[in-house]
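Undergrad: Quick one: this structure, given as structure tokens, is what I'll be asking you about.
Numbering (our numbering), first residue to last: 5 to 137.
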């Protein structure tokens, strides 16, 4: 709760400032991490040990501006917040979507490795059109 209170107003101020300067539509703001957190913790919670466990199955990313469809929630977990229940986004799809928002064709962004062209989004990445404005 405290961490959310410490970031809520500064985040709103950033978005308000970008919008007032006419920069929000050209600026992609992303708030996320490399993994999620469970809604529970194994072990005893104390004042010094209050974190939750790492959770690779589900996580949240918040985006604004830069061509993102505003005001939507995309994807759902089960009632425990443990598994994807609807509209999961694979990391390759997320990367493809971010690259599109940055004006880059993810299918043409390749790198050579051992004589073969590889894509950041692998062969499975697809842009999540519902996230685009």
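The C-beta atom is built at its ideal place from N, Cα and C for all residues, glycine as well.
Does the distance from the CB of residue 71 to the CB of residue 136 come in under 8 Å?
TA: Contact flag set, yes.
Undergrad: Determine the direct distance from the alpha carbon of residue 12 to that of residue 132, and round the result to whole angstroms.
TA: Between residue 132 and residue 12, the C-alpha separation is close to 27 Å.
Undergrad: Would the region 55-62 count as touching the region 85-93 if we require 3 or more Cβ pairs under 8 Å?
TA: Taking 8 Å as the limit for Cβ pairs, the verdict is that the region 85-93 does touch the region 55-62.
Undergrad: Run through DSSP, which three-state label would residue 89 get?
TA: Residue state, collapsed to three classes: strand.
Undergrad: DSSP on residue 122, reduced to helix/strand/coil?
TA: Of the three classes helix, strand and coil, the one that applies to residue 122 here is strand, per DSSP.
Undergrad: Hey, quick one: how far does the alpha helix (DSSP H) through residue 11 stretch, first residue to last?
TA: Start and end: 6-24.
Undergrad: Out of 69, 121, 8, point me to the one whose CA is closest to residue 25's CA.
TA: The shortest C-alpha separation from residue 25 is found at 69.
Undergrad: According to the Cβ coordinates, are residue 32 and residue 106 closer than 8 Å?
TA: Yes, these two residues count as a Cβ contact at 8 Å.
Undergrad: Near residue 67, which residues of its chain fall below 6 Å by C-beta distance, leaving aside the five closest residues on each side in sequence?
TA: Cβ neighbours of residue 67 beyond the five flanking positions: 34.
Undergrad: Would you call the region 90-101 and the region 117-131 touching, i.e. three or more CB-CB distances under 8 Å?
TA: Judged by Cβ distances under 8 Å, the region 90-101 makes contact with the region 117-131, as three or more pairs qualify.
Undergrad: Do you know offhand how far residue 83's Cα is from residue 44's?
TA: The straight-line gap from Cα to Cα measures roughly 13 Å.
Undergrad: When DSSP labels each residue in this structure, what does residue 112 get in the three-state scheme?
TA: DSSP places residue 112 in coil when its eight states are reduced to three.
Undergrad: Under DSSP, the alpha helix (DSSP H) around residue 137 begins and ends at which residues?
TA: Unbroken run through residue 137: none, as it is neither H nor E.
Undergrad: State the DSSP-derived secondary structure class of residue 99, mapped to helix, strand or coil.
TA: Three-state DSSP puts residue 99 in a helix.
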